[in-house]
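With the numbering used here, you'll find the sequence shown wraps up at 246, consecutive numbering, no jumps.
Every residue gets a Cβ at the ideal spot worked out from N, C-alpha and C, and that includes glycine.
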Amino acid sequence: MKTMIKRINGKLLTGLVVSTMAAYIGSANASMITVATGYSTDQYQANAADYKTTVEAAVAIPSVGYGSTSVAVFDNISNQSVFGGPNSNVAFAFTIDFGVTAAQAGSWDFRAGVDFGFGGAVFLDGVALGYMDHDMWWSGSYANPSQFFDYAATLSAGNHRLNIYGLEGCCDGGQQAQFLAHGATGFTTFSSTDGQAAIPEPTTFALLGIGFLGFGVARKRKQ
Numbered sequence: 024m025k026t027m028i029k030r031i032n033g034k035l036l037t038g039l040v041v042s043t044m045a046a047y048i049g050s051a052n053a054s055m056i057t058v059a060t061g062y063s064t065d066q067y068q069a070n071a072a073d074y075k076t077t078v079e080a081a082v083a084i085p086s087v088g089y090g091s092t093s094v095a096v097f098d099n100i101s102n103q104s105v106f107g108g109p110n111s112n113v114a115f116a117f118t119i120d121f122g123v124t125a126a127q128a129g130s131w132d133f134r135a136g137v138d139f140g141f142g143g144a145v146f147l148d149g150v151a152l153g154y155m156d157h158d159m160w161w162s163g164s165y166a167n168p169s170q171f172f173d174y175a176a177t178l179s180a181g182n183h184r185l186n187i188y189g190l191e192g193c194c195d196g197g198q199q200a201q202f203l204a205h206g207a208t209g210f211t212t213f214s215s216t217d218g219q220a221a222i223p224e225p226t227t228f229a230l231l232g233i234g235f236l237g238f239g240v241a242r243k244r245k246q
């Protein structure tokens with residue numbers, strides 16, 4: 024009887040390990056998108072760093088009609104559509120966390136159609152890719168290079184973060200961000216189903232293993 028119980032417990036533990044690992048990997052198999060907005064009457068900035076500093080200061084102050092949340096798809100994003108707030112005097116801070124596999128390592132391209140009346144900037148892994156200090160409104164089209172961000176970068180395998188900062192006076196149109204992965208033939212909109220699997224940190228699985236080891240030791244002591 025004890026042998027049968029041990030076998031059952033062993034199967035349960037194995038199943039728990041497999042299901043937990045699968046759940047972790049499955050949940051990471053997508054880009055994570057955060058939208059943060061704040062009230063701001065600031066206008067054109069001198070450089071990318073100034074856009075970052077100005078926007079981060081604005082979104083850090085809680086204001087009615089503005090906020091911070093995650094979204095499933097980076098498409099048609101505006102302060103109105105996400106928070107039901109004002110369509111003017113908006114500071115935008117978009118954060119996209121995504122992963123690159125070994126097979127995808129290489130040249131990537133990023134583009135973002137925005138509505139930044141006072142311009143904005145783009146950062147990748149904390150480094151500025153560039154900025155634009157003029158009125159930007161892509162109007163749903165990537166035909167005019169002066170009205171959207173488009174940058175290329177060489178990425179290694181692992182986790183990466185794309186930040187987009189901007190200032191809007193009026194009138195808060197829908198925005199979009201896309202990527203062209205190394206080896207891909209077309210752009211893909213960042214989303215929770217875009218297949219960009221984040222690379223789990225080694226400590227994550229190490230801690231998970233220690234947890235299950237402790238569970239096993241506890242079982243032995245009870246027997």
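Residue burial is scored here from C-beta neighbours: Arg134 has at least 16 other C-beta atoms within 10 angstroms and is therefore classed as buried. A distance below 8 Å between beta-carbons, with the five flanking residues on each side excluded, links Ala69 to the following residues of its chain, in chain order: Asp156. The residues Asp132, Arg134, Gln201, Phe202, Leu203, in chain order, have a CB closer than 8 Å to that of Phe210 in the same chain once the five nearest residues on each side in sequence are set aside. Counting only the Cα atoms, Phe139 lies some 14 Å from Gly61. Going by DSSP, Ser86 is part of no alpha helix (DSSP H) at all; its letter is neither H nor E. For Phe106, the enclosing alpha helix (DSSP H) stretches over residues 102 to 106. When beta bridges are read from the DSSP output, His183 appears opposite Phe121. When DSSP assignments are scanned along the segment 123 to 180, the uninterrupted stretches of beta strand (DSSP E) that are 3 or more residues long and fall wholly within it turn out to be 129 to 136, 143 to 147, 150 to 155, 171 to 178. Tyr67 sits in coil when the DSSP states are folded into three classes, being neither helix nor strand. In the same chain as Asp195, and ignoring 5 residues on each side of it, the C-beta atoms closer than 8 Å to its own belong to Ser101, Asn102, Gln103, Pro109, Asn110, Ser111, Val113, Asp138, in chain order. Distance from the CA of Phe97 to the CA of Val78, rounded to the nearest whole angstrom, comes to 19 Å. Boundaries cannot be given for Gly209, as no beta strand (DSSP E) includes it and DSSP labels it neither H nor E. Assigned with DSSP and collapsed to three states, Thr60 falls in strand. The alpha-carbon separation between Ala126 and Gln219 amounts to approximately 12 Å.
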